[in-house]
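> Sharing a structure with you now.
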Amino acid sequence: MTQTLDREPAADVRHRLDLLREMVRIRLFEERCVELYSAAKIRGFLHVAIGEEAVAVGVNAVLDEGDAVVSTYREHGHAIARGMSMDSVMAEMYGKATGCSRGRGGSMHLFDVGRRFYGGNAIVAGGLPLAIGLALADKMRMRPTVTVCFFGDGAFAEGEFHECVNLAALWRLPVLFACENNLYAMGTAIARAQAETDLALRAASYGIAAWPVDGMDVVAVEEAADRAVDRIRAGGGPCFLELRTYRFRAHSMYDPERYRDKAEVARWRERDPIDLLTHQLTAEGGLSAEARDAMAAEVTAEVDRAVAAAEAAPLEPAEDLERFVYTETEA
Amino acid sequence: MTITEAPQATRRLTTSKAMVEAIAQEMERDPSVFYLGEDVGAYGGIFSSTTGLLERFGPQRIIDTPISETAFIGLGIGAAVEGMRPIVEVMFTDFMGVCLDQIYNHMAKIHFESGGNVKVPMVLTMAAGGGYSDGAQHSQCLWGTFAHLPGMKVVVPSTPADAKGLMTSAIRDDNPVVYIFHKGVMGLPWMVKNPRSIDEVPDGEHTVPIGEARVAREGSDVTVVTLSLSVHHALDVAESLAPQGIDVEVVDLRSLVPLDRDAIVASVAKTGRLVVVDEDYLSFGVSAEVVASVTDRDPTLLRVPPQRIAVPDVPIPYAHDLEHAVLPRHDRIERAVRTAMGR
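In order, the protein sequence lines correspond to chains A and B. If you're matching positions, the first sequence starts at 1 in the UniProt record's numbering and goes up one per residue. If you're matching positions, the second sequence starts at 1 in the UniProt record's numbering and goes up one per residue.
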C-alpha cells in the first residue's frame, strides 16, 4: 500500500481523500469551463489541464502559505490547488469585476498576491525569470520559502529556460522547477522539437538535482515535491522535477488533434490520475460509492455557486479601462 | 504650517557621478534597493553608472550577472513584485532585442493584467545614443519604442541635477521606470568632451517629478522641444543664434512617459514655431508625438509648419562622417530653426 509521507494509516487515507477531492475540484471546474466556452460565456483561448491534475495537486500539497507559485497559461488547476476560490477564478473567466484580475487578465492571467500566486503567464518560459526573481527576493530577506515554477516541456526550446536554470543554480536560489512534460508543445511532439528528450538529464547538466516523476500518480508527485522542497528549504539550491503527464483534451478549445493518435490518448486515459487514486482508495476500503458520489455532488455544487456568482457579478466599467496601467498610489 | 527649506548646497558633478550619488543615497535610505547587471560590480559599469558602489554596498546588493538579459530582467521583476526595489541595468538600449519579452510583456503588463494587484517598483536603466562610431548595434536611442508600449514610465535626463533627481524619483516610484542615459551626457573622460555634462548638483536628497518637462532656456521666437544629449546641442545653437536676434526657447522633455504635453503647448503658444529634435529614428516616434501634442490641442498655434530633426530611417552607420550626417547635430538644428524663422 502506498503510504504518503509516513502518516498513520487512517490519517494517510484521509490525506489521500483530500488529494482526490482537490483533483476532482479541478476536473469538474474545468469541465464546466469547457461547457461555458461552448456557450460563449468564456472567450479567448481556453487551455484546460484535464488529465494533468495530479501535478497541480501533488506539488501544491507540500507548499507552505508563504511559498510562491508562478504558472503558465494552463493554470486553472494550479490556481485552485493553491487555494484561490473558484468564485474569483470563474469570475475572471467571465471577465467580471469580481474576477481575481478584475477582468483584465482572463483565463491565462490569474493572479492572487495574498496567496503569492503570480500568474498566469502566457509566454512559453516567460514565467521562469519572474520565479527566480521571487526566489532571489526571498533569499535576500532570508525567508525560508520556496518558489515553484510550473512550465511545460515546450519551455526547453526557449533560451529563457536555460538562462534561468543556470542563474538559479549559480546563485543557489530556492526554486522548484516543475516541468509538466505532457509530450507536446502545442501540437509538436517532443521528439520533433528536442534533440534530447530526457529532460531531467538536461536539467541536471546545470548541476542541480533533477529527476523524473510519474505525473499521473498524485502520491508520487507529492513525495517527489516534498523531497525537492525539503532539499531547497535546507539551502540545497534549486531542484528540477520532470513530471510526466498528459493532457487528455485539445491544446486549446478548437484543435482537431491531428498531431496524435486516438489510441495514444486512450492509453493515457487509462492512467487518469483521478481514476487511479479512486480505484486505489476503493480497493483499500477507504472510499465507498456513496462517499464518492457525495464528493462529486459537493464539488458540483461549489462549481454551480461559482458560475452563479460569475453570472450575477458586475462588469468592470469601460470608463475604468485605463486603470492599472500605472499604479494609483504614488510612492 | 509653513516649512521653510534652506536652499540646498550644490557642487559641480558629472552626470555619471550625480547618478551614482542618487543610487547610493537611496540604497542607504532603503535596504530593499539593489543594483543588478552586467559588469556593474568590480568593473563599475561600462559607462560609470555604478562606480564605487560595490566597495560601499558589497556584492549582495551590487550584483554582477551573466550575459543573460532575459533572465536578470525577469529576476528584477520577480524581486520587485515581492516589494524589493531593484535597479536593473541593460548595458545598451540596443540589447533590448534579446530581452524585450520580459520588458513589455511582463514588466509593463503584470500590474494591469493582475487588475492592479501586483506592483513592479523597478528601474530598468540603460545607455543610449551614438556619436562615437560604435556602429549600428551599439548606438541607438530607441526610447520612442519603450514610450510606445504602455505600462512603463520612461525618463531621459540631460543634466547632472536631473540625472540625480530623476533616478531618485524612479527608484521611489511604484511603477516600472525605464531610465535611459545618453553616453554623451555622462561626462566620461574617454568620450567627446561635453562641457554641459558637468554642472551644479544639489547635495543630499534631490527629486525631480517624473512627467514634468523643464524650460532649459527661455526664448520668444521659436520653441525647440528636445531631450537628452540633443538638449545640449540645442542650447549651443540657441546661444550662437542669440546675437543674430533669434531668441530660441529650449524645452527639455526629461520624461517621455508621462509626456508633459502642457509644457509643449505652453511654449508653442508663446512662440508659434516648433522644432523637434530627437536622436531616435524619425518615423513613428517621439518627434511626431510632440507635433501631435500641439496639433491635437490647437493647430492654429503653429504659425509655420513644424520642423522635425531626427535620425533618418537608416541604421546608425560606423564611419564618422556618415554617422554625423544622420545624428541631429548643431548644423541640422540650426538649419531647422532658421527655416522655422524664415531666415
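Glycine included, every Cβ here is placed at the ideal spot set by N, Cα and C. Computed from a predicted structure; not experimentally measured.
With respect to the beta strand (DSSP E) encompassing B:Ile-63, which residues constitute its N-terminal and C-terminal limits?
Indexing the second sequence from 1 puts residue 63 of chain B at position 63. Where B:Ile-63 is concerned, the enclosing beta strand (DSSP E) stretches over 62-64.
> Give me the Cα-Cα distance between B:Val-286 and B:Tyr-179, rounded to the nearest whole angstrom.
One-based indexing of the second sequence puts residue 286 of chain B at position 286. One-based indexing of the second sequence puts residue 179 of chain B at position 179. Computed Cα separation, rounded: 16 Å.
> Please identify, using Cβ separations under 7 Å, the residues of the region 178-210 of chain A that lie next to chain B, in order along the chain.
Within the region 178-210 of chain A, no residue has a Cβ that lies closer than 7 Å to any Cβ of chain B.
> Does the region 214-231 of chain B come close enough to the region 264-279 of chain B to have 3 or more Cβ pairs within less than 8 Å?
They touch, by the three-pair rule.
> Just reading off the alpha helix (DSSP H) that A:Thr-145 is part of, what are its end residues?
Indexing the first sequence from 1 puts residue 145 of chain A at position 145. Taken as a continuous stretch (DSSP letters only), A:Thr-145 belongs to no alpha helix (DSSP H), as it is neither H nor E.
> How would you list, in chain order, the residues of chain A whose beta-carbon sits under 7 Å from the beta-carbon of B:Val-118?
Position 118 of the second sequence, counting from 1, holds the residue named residue 118 of chain B. The contacting residues are Phe-111, Val-113, Tyr-118.
> Is the distance from the Cβ of B:Asp-101 to the Cβ of A:Ile-132 below 7 Å?
On the second sequence, residue 101 of chain B is found 101 positions in, with the first residue counted as 1. On the first sequence, residue 132 of chain A is found 132 positions in, with the first residue counted as 1. No.
> Give the interface partners of A:Ala-131 over in chain B, defined as CB-CB distance under 7 Å, in chain order.
Counted from its first residue, the first sequence places residue 131 of chain A at position 131. The answer, in chain order, is Gly-78.
> Should B:Ser-293 go down as buried or exposed, given a rule of 16 or more other Cβ atoms within 10 Å for buried?
Counting from one through the second sequence, the residue named residue 293 of chain B turns up at place 293. Flag for B:Ser-293 reads buried.
> What's the C-alpha gap between B:Ala-24 and B:Arg-214?
As a working note, residue 24 of chain B is residue 24 in the second sequence. As a working note, residue 214 of chain B is residue 214 in the second sequence. Cα to Cα, B:Ala-24 sits roughly 25 Å from B:Arg-214.
> Starting from the C-beta of A:Leu-199, find all residues in its chain whose C-beta is less than 7 Å away, skip the five residues before and the five after it, and write them out in chain order.
On the first sequence, position 199 is the one that residue 199 of chain A refers to. Only Asp-153, Phe-156, Cys-179, Asn-181, Glu-242 meet the Cβ criterion.
> Count the other CB atoms, across all protein chains shown, that sit within 10 Å of the CB of B:Trp-190; report buried if there are 16 or more and exposed otherwise.
The count along the second sequence starts at 1 and reaches residue 190 of chain B at position 190. With fewer than 16 other Cβ atoms within 10 Å, it is exposed.
> To test your reading of the DSSP string, which unbroken alpha helix (DSSP H) runs of 4 or more residues are found completely within the region 219-285 of chain A?
The qualifying runs are 262-269, 273-283.
> Pick out whichever of A:Leu-201, A:Arg-258, A:Ile-50, A:Thr-98 has its Cα sitting closest to the Cα of A:Val-34.
As a working note, residue 34 of chain A is residue 34 in the first sequence. The shortest C-alpha separation from A:Val-34 is found at A:Ile-50.
> Considering just the uninterrupted stretch of the beta strand (DSSP E) at A:Gly-83, what are its terminal residues?
Here the question's residue 83 of chain A lines up with position 83 in the first sequence. Where A:Gly-83 is concerned, there is no enclosing beta strand (DSSP E), given that its DSSP letter is neither H nor E.
> Where are the alpha helix (DSSP H) runs, 4 residues long or more, that stay fully inside the region 153-196 of chain B, in chain order?
160-172, all fully within the region 153-196 of chain B.
> With 7 Å set as the bound, which would you pick, yes or no: does the beta-carbon of B:Phe-112 sit closer than that to a beta-carbon of chain A?
Within the second sequence, residue 112 of chain B is the residue found at index 112, counting from 1. With 7 Å as the cut-off, B:Phe-112 counts as an interface residue toward chain A.
> Tell me whether the beta-carbon of B:Ala-310 lies closer than 7 Å to the beta-carbon of A:Pro-129.
In the second sequence, the residue the question calls residue 310 of chain B occupies position 310. In the first sequence, the residue the question calls residue 129 of chain A occupies position 129. Contact: no.
> Does any C-beta atom of chain B lie closer than 7 Å to the C-beta of A:Phe-161?
Residue mapping note: residue 161 of chain A aligns to position 161 of the first sequence, counting from 1. So, not an interface residue.
> What residue does the alpha helix (DSSP H) around A:Phe-161 start on, and which one ends it?
Translated into the one-based positions of the first sequence, residue 161 of chain A becomes position 161. That run of the alpha helix (DSSP H) goes 159-170.
> What residue ranges within the region 9-54 of chain B form continuous beta strand (DSSP E) runs of no fewer than 3 residues, ordered along the chain?
Fully enclosed beta strand (DSSP E) runs of 3 or longer: 10-14, 33-37.
> Helix or strand or just coil, what does DSSP make of B:Lys-270?
Residue mapping note: residue 270 of chain B aligns to position 270 of the second sequence, counting from 1. Residue state, collapsed to three classes: helix.
> Pick out whichever of A:Leu-17, A:Glu-298, A:Arg-260, A:Ala-313 has its Cα sitting closest to the Cα of A:Ile-190.
Taking the first sequence and counting its residues from 1, one reaches residue 190 of chain A at position 190. Checking every option, the nearest Cα to that of A:Ile-190 belongs to A:Arg-260.
> Since A:Leu-167 and A:Thr-147 are thought to touch, with beta carbons under 8 Å apart, how far apart are those beta carbons, to the nearest angstrom?
Translated into positions along the first sequence, residue 167 of chain A becomes position 167. Translated into positions along the first sequence, residue 147 of chain A becomes position 147. With a Cβ gap of about 13 Å, A:Leu-167 and A:Thr-147 do not count as contacting.
> Kindly indicate if chain B contains any beta-carbon less than 7 Å away from that of A:Thr-327.
Your numbering for residue 327 of chain A matches position 327 in the first sequence. By this cut-off, A:Thr-327 is an interface position.
> If you reduce the DSSP assignment to three classes, tell me which class A:Asn-181 lands in.
By one-based count along the first sequence, residue 181 of chain A stands at place 181. Note: A:Asn-181 maps to strand in three-state DSSP.
> If we ignore side chains and look at the alpha-carbon of each, how far apart do B:Ser-114 and A:Arg-102 end up?
Here residue 114 of chain B is taken as the residue at index 114 of the second sequence, counted from 1. Here residue 102 of chain A is taken as the residue at index 102 of the first sequence, counted from 1. Taking the straight line from one Cα to the other gives about 7 Å.
> On the DSSP letters alone, give me the boundaries of the beta strand (DSSP E) that B:Asp-199 sits inside.
To locate residue 199 of chain B, count along the second sequence from 1; it is residue 199. Per DSSP, B:Asp-199 belongs to the beta strand (DSSP E) from 198-202.
> So B:Ile-110 is in the alpha helix (DSSP H); what residue range does that whole segment cover?
In the second sequence, counting from the first residue as 1, residue 110 of chain B sits at position 110. Segment 110-113, the alpha helix (DSSP H) holding B:Ile-110.
> Of all the options B:His-320, B:Met-122, B:Gln-307, which has the alpha carbon lying nearest to the alpha carbon of B:Val-337?
Taking the first residue of the second sequence as position 1, residue 337 of chain B is located at position 337. The candidate whose alpha carbon is nearest that of B:Val-337 is B:Gln-307.
> Identify the continuous beta strand (DSSP E) that holds A:Gly-120 and give its terminal residues.
Along the first sequence, read from residue 1 onward, the residue named residue 120 of chain A stands at position 120. 117-120 is the span of the beta strand (DSSP E), which, as asked, contains A:Gly-120.
> Distance cutoff 7 Å, beta carbons only. Does A:Arg-104 sit that close to anything in chain B?
To locate residue 104 of chain A, count along the first sequence from 1; it is residue 104. Judged by the 7 Å Cβ criterion, A:Arg-104 is in contact with chain B.
> Taking the beta carbon of B:Met-1 as the centre, do at least 16 other beta carbons fall within 10 Å, making it buried, or is it exposed?
Along the second sequence, one-based indexing puts residue 1 of chain B at 1. Caution is warranted here: a pLDDT of 40 is assigned to B:Met-1, below 50, making its placement in the model unreliable, and the coordinate value is therefore given only provisionally. The residue in question, B:Met-1, is exposed, as its Cβ has fewer than 16 Cβ neighbours within 10 Å.
> When DSSP labels each residue in this structure, what does A:Lys-139 get in the three-state scheme?
Here residue 139 of chain A refers to the residue found at position 139 of the first sequence. Residue state, collapsed to three classes: helix.
> Closer than 8 Å by C-beta to A:Leu-281: which residues in its own chain qualify, once you throw out the five before and the five after it? Chain order, please.
Within the first sequence, residue 281 of chain A is the residue found at index 281, counting from 1. Result list for A:Leu-281: Val-13, Arg-16, Leu-17, Leu-20, Leu-287, in chain order.
> With distance defined between alpha-carbon atoms, name the residue in B:Ala-238, B:Leu-149, B:Thr-14, B:Ile-63 nearest to B:Gly-187.
Residue numbering aside, residue 187 of chain B sits at position 187 when the second sequence is read from its first letter. When only C-alpha atoms are compared, the closest one is B:Thr-14.
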